[in-house]
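Read through the structure below, which is laid out as structure tokens, and then see the notes.
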Amino acid sequence: MAELVPEARIAIGHGQMRERELERVMNDFHHQRFNVLVCTTIIETGIDIPTANTIIIERADHFGLAQLHQLRGRVGRSHHQPMRLLTPHPKAMTTDAQKRLEAIASLEDLGAGFALATHDLEIRGAGELLGEDQSGQMETIGFSLYMELLENAVDALKAGREPSLEDLTSQQTEVELRMPSLLPDDFIPDVNTRLSFYKRIASAKNEQDLEEIKVELIDRFGRLPDAARNLLDIARLRQQAQKLGIRKLESNEKGGVIEFNEKNNVNPVWLIGLLQKQPQHFRLDGPTRLKFMQDLEERKTRMDWVRQFMRQLEENAVA
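In our numbering, the protein residues as written are 28 to 346.
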């Protein structure tokens with residue numbers, strides 16, 4: 028790029044960069060200290076730079092319709108006419124990839140998202156929950172999800188209740204610590220193997236199950252990257268939270284919030300004592316929300332603090 032356009036001021040952005048460094052690059056690009064940004068799909072969502080009016084998507088045949096739609100929306104956010112150049116491989120392009128590119132090129136109007144979704148459905152097929160005609164990678168999760176829904180419905184009928192999807196969703200615990208938590212492509216290259224491990228981690232019943240998965244990952248693929256370690260740690264936190272009756276656990280650089288179910292195992296006496304002893308760090312934000320204020324800018328510090336606090340909740344839980 029520098030050889031082709033020597034006068035260009037070029038910046039580089041990707042997900043492996045440190046958070047502060049990436050933030051600095053995006054800020055400089057926003058203020059036009061650079062006029063060319065070479066980057067990965069990290070800009071797919073959440074980036075609004077009105078001065079950016081041209082995007083070149085290399086190997087566009089590798090992207091799905093939703094990704095292409097999001098990427099092309101990164102330019103043209105002001106009164107300037109945008110340019111969107113999609114460069115597929117001239118030879119090695121599948122029929123479905125060609126259909127995707129034709130669909131994205133044919134729809135430029137506002138509200139094109141619904142039409143694109145329809146095209147995507149036509150290209151990939153609707154699939155089915157069970158059977159051989161599942162689309163995408165649904166075969167790795169469809170049957171388990173069906174069995175889980177069926178099990179919850181049977182339990183509800185046995186208890187004399189009307190089966191409801193809320194019975195399943197109410198049992199789910201959300202944990203969000205604002206840090207990468209995944210099995211990276213370069214750690215497990217095969218997508219089916221990755222999905223299989225994701226499924227096993229999500230289905231793990233206790234810490235021993237997670238420890239066995241961790242040992243197998245290290246044995247088969249080597250040292251765990253930070254993102255994979257975070258994934259397992261968050262799975263452990265989710266198990267703890269479910270036992271305690273916590274609906275949501277969220278943490279960021281300045282603290283976070285814990286939302287309890289109406290029926291939970293948290294010791295109210297211990298919690299009131301905590302609020303009285305440390306009012307500068309803890310306060311109730313409604314009847315079922317505990318807000319905590321801590322300096323947790325470093326990701327490791329955040330993870331360590333949350334794990335320690337969850338242990339305290341466990342140790343003081345009511346039977």
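Every residue gets a Cβ at the ideal spot worked out from N, C-alpha and C, and that includes glycine. Predicted model only: the values in this text are computed from it and were never measured.
Contact check, Leu271 vs Leu340 under 8 Å by CB: the rounded distance?
6 Å
In the DSSP assignment, find the beta strand (DSSP E) that holds Phe287 and state where it starts and stops.
Gly282 to Phe287
For my contact list, Val102 and Ile82 are in at a C-beta cut-off of 8 Å; report their separation, rounded to the angstrom.
5 Å
My understanding is that Ala254 touches Leu302, with C-beta atoms under 8 Å, so please give their C-beta distance in whole angstroms.
Contact doesn't hold; Cβ gap of about 35 Å is too wide.
Residues bridged to Arg36 [DSSP beta-bridge criterion]:
Answer by DSSP bridge pairing: none, since Arg36 is not bridged.
Sequence-distant residues of the same chain with beta carbon closer than 7 Å to Ala262, five excluded per side:
Ile228, Ala231 and Leu237
Run the CB neighbour count on Asp260, radius 10 Å, all protein chains shown included, and call it buried at 16 or more, exposed below.
buried
Span of the beta strand (DSSP E), counted from its first residue to its last, around Arg274
Ile273 to Asn279
Measuring CB atoms only, is the region 118-131 touching the region 87-103, in the sense that at least three cross pairs come out at less than 8 Å?
yes
Can Thr200 and Leu276 be called in contact, C-beta distance under 9 Å?
yes
Just verifying my parser: in three-state terms, what is the DSSP assignment at Lys118?
coil
State yes or no: is the beta carbon of Arg256 nearer than 9 Å to at least one beta carbon in chain D?
The displayed structure is made up of one protein chain only, and chain D is not part of it.
For Met110, name the three-state secondary structure that DSSP assigns.
strand
Less than 9 Å separating the beta-carbons of Pro207 and Gly40?
no
For Pro77, which option in Asp55, Ile245, Asp88 and His107 has the closest C-alpha, if you only look at C-alpha atoms?
His107
Pull up the distance between the alpha-carbon of Gly158 and that of Phe224, whole angstroms please.
Residue placement at Gly158 is flagged as unreliable, the pLDDT there being 47, under the threshold of 50; the coordinate-derived value follows with that caveat. Their Cα atoms are separated by approximately 22 Å.
Inter-residue spacing [alpha-carbon to alpha-carbon] between His116 and Arg127
14 Å
Roughly how many whole angstroms lie between the Cα atoms of Pro20 and Asp322?
Outside the displayed range of the chain (28 to 346) lies residue 20, so it cannot be described from this structure.
Please classify Ile76: does DSSP put it in a helix, a strand, or coil?
coil
Determine the direct distance from the alpha carbon of Glu203 to that of Arg99, and round the result to whole angstroms.
28 Å
Write down the C-beta distance between Arg316 and Val284 rounded to the nearest angstrom, noting that I regard them as a contact closer than 8 Å.
6 Å
For Glu325 and Glu280, the rounded distance between their alpha carbons
7 Å
Taking the straight line between their C-alpha atoms, what separation do you get for Val331 and Arg188?
The amino acid at residue 331 is misidentified as Val; the sequence shows Asp. So the two alpha carbons sit approximately 41 Å from each other.
What three-state label does DSSP hand Leu251 in the structure shown?
coil
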